[in-house]
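So the structure is just underneath, and the comments pick up after that.
Numbering (our numbering), first residue to last: 23 to 203.
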(Lines of atoms letter the chains of each structure in order from A and count residues from 1; the text may use other names and numbers.)
(Lines give C-alpha, C1' and ligand atoms only; values in the text may rest on other atoms or scores of the structure.)
Protein backbone atom coordinates (compact mmCIF):
# COMPACT_ATOMS: atom_id res chain seq x y z
CA UNK A 1 0.00 0.00 0.00
CA UNK A 2 1.07 3.51 -0.74
CA UNK A 3 2.03 5.57 2.28
CA UNK A 4 -0.04 8.52 1.06
CA UNK A 5 -3.45 9.11 -0.44
CA UNK A 6 -3.91 12.37 -2.31
CA UNK A 7 -7.19 13.60 -3.70
CA UNK A 8 -10.27 15.74 -3.42
CA UNK A 9 -12.42 15.67 -0.28
CA UNK A 10 -16.15 15.38 0.28
CA UNK A 11 -17.21 16.95 3.58
CA UNK A 12 -20.17 15.90 5.75
CA UNK A 13 -20.94 16.58 9.40
CA UNK A 14 -22.27 14.45 12.28
CA UNK A 15 -24.31 11.25 12.45
CA UNK A 16 -24.05 10.16 8.82
CA UNK A 17 -25.78 6.80 9.04
CA UNK A 18 -25.52 3.67 6.95
CA UNK A 19 -28.87 4.39 5.29
CA UNK A 20 -27.41 7.65 3.99
CA UNK A 21 -24.21 5.86 2.90
CA UNK A 22 -26.12 3.09 1.07
CA UNK A 23 -29.92 2.94 1.39
CA UNK A 24 -31.48 -0.44 2.20
CA UNK A 25 -33.08 -0.77 -1.24
CA UNK A 26 -29.61 -1.37 -2.75
CA UNK A 27 -28.61 -4.13 -0.33
CA UNK A 28 -29.83 -6.77 -2.77
CA UNK A 29 -26.67 -6.12 -4.81
CA UNK A 30 -24.02 -8.77 -4.17
CA UNK A 31 -20.56 -7.17 -3.72
CA UNK A 32 -18.73 -10.39 -4.66
CA UNK A 33 -20.11 -10.10 -8.21
CA UNK A 34 -17.93 -7.52 -10.07
CA UNK A 35 -20.77 -5.86 -11.97
CA UNK A 36 -22.90 -5.60 -8.83
CA UNK A 37 -19.92 -4.31 -6.80
CA UNK A 38 -19.53 -1.49 -9.33
CA UNK A 39 -23.26 -0.78 -9.29
CA UNK A 40 -23.24 -0.71 -5.47
CA UNK A 41 -20.51 1.94 -5.60
CA UNK A 42 -22.60 4.06 -7.95
CA UNK A 43 -25.23 4.40 -5.19
CA UNK A 44 -22.80 5.41 -2.43
CA UNK A 45 -23.96 8.40 -0.37
CA UNK A 46 -27.17 8.65 -2.41
CA UNK A 47 -29.19 8.93 0.81
CA UNK A 48 -27.55 12.18 1.91
CA UNK A 49 -29.61 15.35 2.22
CA UNK A 50 -29.35 17.67 -0.80
CA UNK A 51 -27.39 20.27 1.20
CA UNK A 52 -24.21 18.18 0.75
CA UNK A 53 -24.38 18.18 -3.03
CA UNK A 54 -23.78 15.16 -5.22
CA UNK A 55 -21.16 12.63 -4.15
CA UNK A 56 -21.26 10.96 -7.56
CA UNK A 57 -22.02 13.01 -10.66
CA UNK A 58 -25.00 12.06 -12.82
CA UNK A 59 -24.20 9.31 -15.34
CA UNK A 60 -20.99 8.38 -13.43
CA UNK A 61 -20.26 5.12 -11.62
CA UNK A 62 -17.47 6.47 -9.36
CA UNK A 63 -16.92 9.58 -7.30
CA UNK A 64 -14.21 12.14 -7.90
CA UNK A 65 -13.70 12.36 -4.11
CA UNK A 66 -11.19 9.84 -2.78
CA UNK A 67 -11.40 11.06 0.83
CA UNK A 68 -14.40 11.82 3.03
CA UNK A 69 -14.12 14.23 5.95
CA UNK A 70 -16.79 13.75 8.62
CA UNK A 71 -17.80 14.85 12.09
CA UNK A 72 -18.86 12.60 14.94
CA UNK A 73 -20.46 9.15 14.79
CA UNK A 74 -19.84 8.43 11.09
CA UNK A 75 -21.44 5.17 9.99
CA UNK A 76 -24.06 4.94 12.74
CA UNK A 77 -27.25 2.96 12.19
CA UNK A 78 -27.48 -0.62 11.05
CA UNK A 79 -24.48 -2.92 10.92
CA UNK A 80 -24.45 -3.43 7.15
CA UNK A 81 -21.08 -4.34 5.64
CA UNK A 82 -22.37 -2.81 2.42
CA UNK A 83 -21.64 0.72 3.74
CA UNK A 84 -17.81 0.62 3.60
CA UNK A 85 -17.99 -1.67 0.56
CA UNK A 86 -20.12 0.86 -1.34
CA UNK A 87 -17.69 3.66 -0.47
CA UNK A 88 -14.72 1.56 -1.59
CA UNK A 89 -16.50 0.56 -4.79
CA UNK A 90 -17.19 4.25 -5.45
CA UNK A 91 -13.45 5.02 -5.25
CA UNK A 92 -13.07 6.24 -1.67
CA UNK A 93 -9.70 5.36 -0.12
CA UNK A 94 -10.10 6.90 3.34
CA UNK A 95 -12.60 8.46 5.70
CA UNK A 96 -11.38 10.91 8.31
CA UNK A 97 -13.92 11.43 11.05
CA UNK A 98 -13.97 12.85 14.53
CA UNK A 99 -15.50 9.52 15.66
CA UNK A 100 -17.14 6.39 14.21
CA UNK A 101 -19.89 4.01 15.06
CA UNK A 102 -17.89 0.99 16.23
CA UNK A 103 -19.56 -1.45 13.82
CA UNK A 104 -18.79 0.75 10.80
CA UNK A 105 -15.16 1.06 11.92
CA UNK A 106 -14.92 -2.73 12.33
CA UNK A 107 -16.54 -3.29 8.93
CA UNK A 108 -13.92 -1.03 7.31
CA UNK A 109 -11.21 -3.24 8.77
CA UNK A 110 -12.97 -6.54 8.07
CA UNK A 111 -13.69 -5.73 4.43
CA UNK A 112 -10.39 -3.91 3.78
CA UNK A 113 -12.26 -1.37 1.63
CA UNK A 114 -11.00 1.88 3.14
CA UNK A 115 -8.94 3.39 5.94
CA UNK A 116 -10.97 4.85 8.86
CA UNK A 117 -8.77 7.60 10.28
CA UNK A 118 -9.76 9.51 13.40
CA UNK A 119 -8.99 13.19 13.80
CA UNK A 120 -8.45 14.93 17.10
CA UNK A 121 -9.96 18.10 15.68
CA UNK A 122 -13.30 18.84 14.05
CA UNK A 123 -12.04 19.01 10.46
CA UNK A 124 -15.53 19.01 8.94
CA UNK A 125 -15.91 22.62 10.16
CA UNK A 126 -12.55 23.70 8.68
CA UNK A 127 -12.55 21.89 5.32
CA UNK A 128 -14.82 22.35 2.28
CA UNK A 129 -15.85 19.82 -0.33
CA UNK A 130 -13.56 19.94 -3.35
CA UNK A 131 -10.37 20.91 -1.53
CA UNK A 132 -7.27 18.86 -2.29
CA UNK A 133 -5.56 16.99 0.53
CA UNK A 134 -2.91 14.38 1.19
CA UNK A 135 -3.24 11.80 3.95
CA UNK A 136 0.28 10.79 5.02
CA UNK A 137 0.22 7.32 6.60
CA UNK A 138 3.79 7.53 7.91
CA UNK A 139 3.33 10.87 9.66
CA UNK A 140 -0.32 10.34 10.72
CA UNK A 141 -1.42 13.64 9.27
CA UNK A 142 -3.60 15.27 6.69
CA UNK A 143 -2.32 18.17 4.62
CA UNK A 144 -4.93 20.49 3.16
CA UNK A 145 -3.17 21.86 0.07
CA UNK A 146 -5.94 24.38 -0.59
CA UNK A 147 -5.52 25.94 2.88
CA UNK A 148 -1.79 25.11 3.19
CA UNK A 149 -2.45 23.62 6.64
CA UNK A 150 -1.51 20.33 8.29
CA UNK A 151 -3.47 18.47 10.97
CA UNK A 152 -2.57 15.43 13.08
CA UNK A 153 -4.50 12.18 12.85
CA UNK A 154 -4.65 9.31 15.32
CA UNK A 155 -2.51 6.36 14.26
CA UNK A 156 -4.19 3.47 12.47
CA UNK A 157 -2.06 1.14 14.59
CA UNK A 158 -2.69 -2.58 14.24
CA UNK A 159 -5.55 -2.21 11.76
CA UNK A 160 -3.38 -0.83 8.95
CA UNK A 161 -1.81 -4.17 7.91
CA UNK A 162 -5.26 -5.80 7.94
CA UNK A 163 -6.67 -3.18 5.57
CA UNK A 164 -3.46 -3.23 3.49
CA UNK A 165 -3.99 -6.98 3.01
CA UNK A 166 -7.57 -6.47 1.78
CA UNK A 167 -9.51 -7.35 4.91
CA UNK A 168 -9.53 -9.79 7.78
CA UNK A 169 -9.67 -13.02 5.74
CA UNK A 170 -6.96 -11.92 3.32
CA UNK A 171 -4.81 -10.90 6.29
CA UNK A 172 -5.40 -14.24 8.03
CA UNK A 173 -4.36 -16.10 4.87
CA UNK A 174 -1.34 -13.84 4.36
CA UNK A 175 -0.10 -14.38 7.90
CA UNK A 176 -0.80 -18.11 7.99
CA UNK A 177 -3.66 -17.92 10.50
CA UNK A 178 -5.85 -19.80 8.02
CA UNK A 179 -4.90 -21.86 4.98
CA UNK A 180 -4.48 -20.07 1.67
CA UNK A 181 -7.00 -20.90 -1.03
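Think of the CB as a built atom: it goes at the ideal place given N, C-alpha and C, for glycine as much as any other residue. Please read these numbers as outputs of a predicted model, since none were measured by experiment.
Using the C-alpha atoms, what's the distance from residue 203 back to residue 172?
By one-based count along the chain shown, residue 172 stands at place 150. By one-based count along the chain shown, residue 203 stands at place 181. Straight-line Cα distance between these residues: approximately 43 angstroms.
Touch test, the stretch 144-156 against the stretch 114-123, Cβ-Cβ under 8 angstroms, three pairs minimum
yes
Span of the beta strand (DSSP E), counted from its first residue to its last, around residue 77:
Counted from its first residue, the chain shown places residue 77 at position 55. Element bounds for residue 77: n/a, residue is neither H nor E.
Neighbourhood of residue 163 by C-beta, 7 angstroms cutoff - its chain only, sequence neighbours within 5 removed
Looking up residue 163 in the chain shown gives position 141. Counting only Cβ-Cβ distances below 7 angstroms, and skipping sequence neighbours, we find 172, 173, 174 and 175.
Less than 8 angstroms between the C-beta atoms of residue 105 and residue 68, yes or no?
The count along the chain shown starts at 1 and reaches residue 105 at position 83. The count along the chain shown starts at 1 and reaches residue 68 at position 46. The answer is no: Cβ separation not under 8 angstroms.
Check whether the Cβ atoms of residue 88 and residue 125 lie closer than 8 angstroms to each other.
Residue numbering aside, residue 88 sits at position 66 when the chain shown is read from its first letter. Residue numbering aside, residue 125 sits at position 103 when the chain shown is read from its first letter. Contact flag unset, no.
Could you tell me if residue 130 is buried or exposed, where buried requires 16 or more neighbouring beta carbons within 10 angstroms of its beta carbon?
In the chain shown, counting from the first residue as 1, residue 130 sits at position 108. By the neighbour-count rule (16 or more Cβ atoms within 10 Å), residue 130 is buried.
Do the stretch 56-65 and the stretch 77-93 make contact, defined as three or more Cβ pairs closer than 8 angstroms?
yes
What are the boundary residues of the beta strand (DSSP E) that includes residue 138?
Locating residue 138 in the chain shown gives position 116, counting from the first residue. Counting along the chain, the beta strand (DSSP E) containing residue 138 begins and ends at 137-140.
To which residues of the same chain is residue 84 closer than 6 angstroms at the C-beta, ignoring the five residues directly before and after it?
Mapped onto the chain shown, residue 84 falls at position 62. Cβ within range, chain order: 112 and 113.
Chain-order list of residues whose beta-carbon lies under 7 angstroms from that of residue 181 (same chain, five-residue window excluded):
Within the chain shown, the letter at position 159 stands for residue 181. So the list reads 131, once near-sequence residues are dropped.
Fully enclosed by the stretch 96-183, which beta strand (DSSP E) runs are 3 residues long or longer?
116-119, 137-140, 154-158, 163-166 and 171-174
Could you pull the start and end residues of the alpha helix (DSSP H) that residue 64 belongs to?
Within the chain shown, the letter at position 42 stands for residue 64. Looking at the DSSP string, the run of the alpha helix (DSSP H) that includes residue 64 is 56-64.
Cβ shell of residue 142 (< 7 angstroms), same chain only, five flanking positions each side left out:
Residue 142 sits at position 120 when you count from the first residue of the chain shown. Correct list, in chain order: 174 and 176.
Residues in the same chain with beta-carbon distance under 7 angstroms from residue 160, minus the five sequence neighbours each way, listed in chain order, please.
Working through the chain shown from its first residue, we reach residue 160 at position 138. Answer for residue 160: 25, listed in chain order.
Buried/exposed call for residue 50, threshold 16 Cβ in 10 Å:
Along the chain shown, one-based indexing puts residue 50 at 28. When all chains shown are included, residue 50 counts as exposed.
Where do the N-terminal and C-terminal ends of the alpha helix (DSSP H) with residue 87 fall, by residue?
The residue given as residue 87 occupies position 65 in the chain shown. Not the alpha helix (DSSP H): residue 87 falls in the beta strand (DSSP E), residues 87-92.
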